[in-house]
Each structure stands twice: as structure tokens, then as C-alpha cells.
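Counted the way this note's numbering counts, the sequence shown spans residues 4 to 440.
We put the CB at the ideal spot given by N, CA and C, even for glycine.
Please read the structure below before turning to the comments.
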Amino acid sequence: MSKQELFGVRVSASRTSKALCVITAGVAFVLGTVLGVLIPLYVLPPLSSTAEVRPGPQTVVQDYASARDNALETLTPRPSPVPPRAVMPSMDEVHVIDVSSVTPGVIESEETLSPPLSADEVRAEMEIEVVELEQFATTTTEKEMTTTTTTTTTTTTMATTASPAPSSSLTDGIFWNNAVEDSLPPGFNDEAVAAWHEFCQHSAFIKVEEGCGRMQNRLLTFENGTQSCCRYRQNFDQIQGEIFSFLLSRELGIRNLPPTSMLLVEPAEWQWSAVRAQLNLAQWAEQRPVVLTKFQEHLEQAYIPEPLRTTERRLHPTDLDLAGLKLHEHRQQVHELAQWSDLIVFDYLTANLDRIVNNLYNQQWNPSMMDAPAHNLARDPATGLLIFLDNESGLLHGYRLLDKYETYHRTMLDALCVFRRQTVHKIPATARRRQHR
């Protein structure tokens with residue numbers, strides 16, 4: 004094998020190649036080390052001359068109480084924007100209800116209801132609603148008054164407020180003004196209610212026929228030709244809801260519910276003897292209470308006002324001027340809006356889910372539902388009076404379903420900021436009268 008000289012040493016060819024590899028690797032390692040050390044020291048600029056010094060996070064020192072309060076504030080859940088109302092009793096019994104004419108998806112079956120509430124329990128629930136509406140009225144008044152530069156914030160309740168608020172040509176603050184109030188249809192006065200009650204107690208029936216809505220209801224004709232829509236239910240809650248809603252309307256000065264009275268079905272008595280066979284056909288049981296409402300003729304359909312139909316629904320004093328409403332030019336429209344302010348308050352207090360809530364709830368299936376006639380509401384074309392019909396879902400049945408329908412009641416009440424003065428004054432007065440009994 005031939006020999007080669009490498010750095011003065013004679014080596015074979017194979018050993019020469021191996022030695023070259025080792026020497027090359029060693030030289031590369033030395034050069035890399037030298038460059039890695041010298042370049043940062045002598046070639047690159049100092050780090051402190053170019054780097055931006057950023058302040059580190061500051062540490063906030065708190066005492067234990069402050070830290071605890073902050074933690075509690077963070078961890079505590081925020082209250083719901085819709086305050087819950089009365090908690091209803093649990094479901095214990097099964098009741099029977101006529102569902103032949105119930106709108107699907109709106110009126111819940113009475114089979115899911117708990118036993119009837121007593122009169123004291125109903126009054127207690129009503130007092131909760133009265134207090135809540137009073138609080139809402141106070142909040143609404145203060146909110147409305149802060150939006151104007153000509154008034155100052157007030158903490159008085161809506162029932163006693165006398166400070167000026169944003170007004171229109173139709174309102175005095177948040178109340179309809181005297182010109183509107185004086186021109187409204189009078190409705191059913193106390194004399195008419197007393198006369199109807201007396202008439203029902205001392206007049207005989209001569210005819211019982213189908214009509215007046217649901218399957219078990221009947222249109223009754225008295226001996227002098229007067230007619231009555233008579234409501235018969237197997238479940239007493241619905242009868243109580245109808246009569247209690249009527250009585251509450253009288254307490255609040257709302258005169259839009261027709262005169263209503265109660266009787267027991269007594270086929271053996273002189274009042275019922277002429278229609279005994281018709282009672283058997285109707286399958287009315289003896290000693291059942293029925294509600295007799297004076298039949299109203301020549302009524303027409305009533306519609307939801309334009310300002311309350313859309314998702315941006317709102318009825319505030321300034322909206323009336325923006326709409327260009329004048330009492331002498333738009334009398335019918337103004338009268339309906341004023342009566343609707345009572346209707347919204349009344350249905351909120353009674354939790355009636357079978358009127359405007361019916362339209363709102365069914366809107367998810369029928370987008371044009373708010374343009375349809377309002378459910379269980381009619382209008383007397385002769386006087387312009389809105390008639391609040393079929394209130395049996397109020398107070399008892401409606402209160403049991405608040406968890407499901409509360410949002411619809413609240414939606415309508417939150418949209419309203421124009422009220423009838425007498426109604427607002429009657430609400431706290433009714434609550435105080437109950438407390439002093």
C-alpha cells in the first residue's frame with residue numbers, strides 16, 4: 004500500500020482520509036465556538052441600547068375585607084331582568100277541563116293544575132302584583148323624567164307624583180290629560196252592575212241554547228228576552244277566575260268588563276224549572292256555580308294598536324306627538340290607546356294569558372298574529388268602548404303558568420308609559436285597604 008505524508012507523518016491512504024475527517028470536524032468545532040462567543044460581544048450592539056423597557060405588572064395590595072367583597076361581587080350571580088312573581092303551589096290533583104275551543108299551545112290543560120287556591124291566597128297573590136306594579140310605576144316615572152332637560156329626577160311614586168314629566172298634547176306627564184279622560188266612553192257604572200245582579204236573582208229562564216264560546220257555555224234567555232252568556236265549568240278555578248277578575252276590575256275603576264253575577268244551577272227551583280230538560284241536554288250538574296255575564300249585542304272586532312304590534316313596541320308620551328295624534332282629529336284612535344293602557348295593566352295584574360298574550364305567544368307560528376284581531380277583546384261601535392271578554396284564566400289559572408308566560412306580560416307592561424290617572428291611584432289604595440282589614 005502506498006504511503007502519503009500528512010503533517011510530516013507518513014500514513015496509508017485509508018488512514019489519511021480518516022485523519023482528514025477528524026481534523027476537519029475539530030477545526031469546525033473550534034471556529035464555531037469562537038464565532039459564537041466573539042460575534043455577540045464585539046459585533047452586535049448592546050441589548051440595553053435597543054430594547055424597550057416595559058414596566059412589569061403592578062401588584063395591588065388589598066386588605067382581606069376588600070378582597071372578599073370583590074370576590075363576592077364577581078361570583079354572585081346577577082339578578083334576572085324580569086323579577087319573578089308569585090311561586091305557585093305544586094301539582095297534586097287532576098282536574099277536568101273543556102278543551103274543545105282552546106287555542107292550541109296557549110291555554111294549558113287543567114289536568115296539570117294543583118288544587119284551587121283559597122280566596123285569601125288569591126288576595127295575597129294580587130297584593131304581590133299590586134306592589135310590583137307600584138314599584139314599576141315609580142321606576143318608570145323616574146326614568147322618564149330624567150330624559151328631559153326641563154325637569155329633575157324624582158323619587159316619589161307614580162301614584163303621588165306631581166312634578167312635571169315629558170308631556171304631549173294628550174298627556175299630563177305620564178298620565179292621559181283631563182281632555183282625554185273626560186271624552187272616554189263611561190263604560191259600565193256601579194248602577195248597571197247592581198241592576199244586573201238584582202235582575203239575575205229574581206228572573207226566570209225560558210231558554211238555554213249553545214253559544215258563547217266554549218262547548219259547555221250556554222246562551223241563556225230570561226223571560227223578558229234579556230240574554231246572558233253563562234259559563235259552566237267542572238273546575239271551580241275557572242269560575243273563580245272569571246268572577247274575581249270582574250271584582251278586581253271594579254276595585255280598580257276599570258269599567259270595561261260587562262256586568263257579571265253568579266248563580267247555582269238548581270233545576271228544581273222556579274228560576275230553572277222551564278229549562279230543566281235543556282239543562283239535562285247540556286249535562287249541567289245540580290248545585291254547580293255558573294257565571295252570568297250580560298250579553299252585549301252588535302260588537303265588532305278590536306285590534307292591537309299600531310305602536311304595540313312590532314318588536315319595538317312602545318307607547319310613551321312623546322310617541323303620541325311623533326305620531327301626530329290630536330284628540331279632535333283622531334278621537335277613536337286616542338280613546339282606544341287610553342283604554343289599552345288600562346287593559347295592559349289589568350291583564351298584568353290578573354296574569355290573563357288568553358288575550359294579548361295569546362297573540363304574542365302564537366306569533367312564533369304565525370308572524371302576522373299581531374295584525375289579527377285581539378283575542379277576547381271586542382269594541383262597541385256605538386260608544387267606542389273596548390269590552391274585555393272571557394277573563395276566566397285570570398288570577399288562578401294564569402298565576403300557575405307565570406313561569407311560562409311572565410315574559411309576555413312583562414313585554415307589554417314595559418312598553419307602556421302612559422296611564423290613566425285613576426287606575427294608577429287605585430292600585431296602591433286597594434293594597435292599603437287590604438292591609439288595614
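Does the segment 404-414 come close enough to the segment 234-251 that 3 or more CB-CB pairs lie under 8 Å?
no
For residue 21, does the three-state DSSP call read helix, strand or coil?
One-based indexing of the sequence shown puts residue 21 at position 18. Here residue 21 sits in helix by DSSP.
Take residue 185 as the anchor and find which of 437, 434, 428, 423 has the nearest alpha-carbon.
Translated into positions along the sequence shown, residue 185 becomes position 182. Per the Cα distances, 423.
Going by the beta-carbon positions, is the gap between residue 258 and residue 191 smaller than 7 Å?
Taking the first residue of the sequence shown as 1, we reach residue 258 at position 255. Taking the first residue of the sequence shown as 1, we reach residue 191 at position 188. Yes, the pair counts as a contact, with Cβ atoms nearer than the cut-off.
Tell me whether the segment 234-247 and the segment 390-398 touch, counting them as touching only if at least three CB pairs, one residue from each stretch, are closer than 8 Å.
yes
Within 10 Å of its beta-carbon, does residue 331 have 16 or more other beta-carbons around it, so buried, or fewer, so exposed?
For the purposes of this step, residue 331 is taken as the residue at position 328 of the sequence shown. Classification for residue 331: exposed.
State buried or exposed for residue 421, treating a residue as buried only when at least 16 other CB atoms are found within 10 Å of its CB.
As a position in the sequence shown, residue 421 is number 418, starting the count at 1. Buried, since its Cβ has 16 or more Cβ neighbours within 10 Å.
Would you kindly check if the distance between the Cβ of residue 386 and the Cβ of residue 188 is under 7 Å?
Here residue 188 refers to the residue found at position 185 of the sequence shown. Here residue 386 refers to the residue found at position 383 of the sequence shown. Taking 7 Å as the Cβ cut-off, residue 188 and residue 386 qualify as a contacting pair.
Thinking C-beta only, is residue 308 closer than 7 Å to residue 340?
To locate residue 340, count along the sequence shown from 1; it is residue 337. To locate residue 308, count along the sequence shown from 1; it is residue 305. Contact: yes.
For residue 204 and residue 212, I'd like the C-alpha separation in whole angstroms.
For this step, residue 204 is matched to residue 201 along the sequence shown. For this step, residue 212 is matched to residue 209 along the sequence shown. Looking at the two C-alpha atoms, the distance is approximately 20 Å.
Would residue 285 and residue 234 be called neighbours here (beta carbons separated by less than 7 Å)?
Indexing the sequence shown from 1 puts residue 285 at position 282. Indexing the sequence shown from 1 puts residue 234 at position 231. No, the Cβ-Cβ distance between residue 285 and residue 234 is not below 7 Å.
Three-state secondary structure (DSSP) at residue 177?
For the purposes of this step, residue 177 is taken as residue 174 along the sequence shown, with counting starting at 1. If DSSP states are grouped into helix, strand and coil, residue 177 belongs with coil.
Checking 7 Å against the spacing of the C-beta atoms, do residue 174 and residue 180 come in under that value?
Stepping through the sequence shown from its first residue, residue 174 is reached at position 171. Stepping through the sequence shown from its first residue, residue 180 is reached at position 177. Closer than 7 Å, so yes.
Taking 6 Å as the cut-off, does the CB of residue 346 come closer than this to any heavy atom belonging to the ligand FMN?
Among the components of this structure there are no ligands whatsoever, and the ligand FMN is therefore not found.
In angstroms, rounded to a whole number, what distance separates the CA positions of residue 374 and residue 178?
For the purposes of this step, residue 374 is taken as residue 371 along the sequence shown, with counting starting at 1. For the purposes of this step, residue 178 is taken as residue 175 along the sequence shown, with counting starting at 1. If you take the alpha carbons of residue 374 and residue 178, they lie about 27 Å apart.
Among 208, 21, 232, 200, whose alpha-carbon lies nearest the alpha-carbon of residue 215?
On the sequence shown, position 212 is the one that residue 215 refers to. Closest by alpha carbon: 232.
Span of the beta strand (DSSP E), counted from its first residue to its last, around residue 431
Working through the sequence shown from its first residue, we reach residue 431 at position 428. No beta strand (DSSP E) holds residue 431; the alpha helix (DSSP H) holding it covers 424-438.
Could you give the first and the last residue of the continuous beta strand (DSSP E) run that contains residue 297?
Residue 297 sits at position 294 when you count from the first residue of the sequence shown. 292-297 is the extent of the beta strand (DSSP E) around residue 297.
Compute the Euclidean distance between the alpha carbons of residue 334 and residue 306, then round it to the nearest angstrom.
For the purposes of this step, residue 334 is taken as residue 331 along the sequence shown, with counting starting at 1. For the purposes of this step, residue 306 is taken as residue 303 along the sequence shown, with counting starting at 1. Using only the alpha carbons, I get a separation of about 16 Å.
Just mark residue 26 as buried or exposed, buried being the case when its beta carbon has 16 or more other beta carbons within 10 Å.
Residue mapping note: residue 26 aligns to position 23 of the sequence shown, counting from 1. Per the 10 Å Cβ criterion, exposed.
Using DSSP's beta-bridge definition, name the partner residues of residue 233.
Counted from its first residue, the sequence shown places residue 233 at position 230. Paired residue(s): 221, 295.
Between the Cα of residue 209 and the Cα atoms of 269, 202, 274, which residue gives the shortest distance?
Mapped onto the sequence shown, residue 209 falls at position 206. Comparing Cα positions, the closest option is 274.
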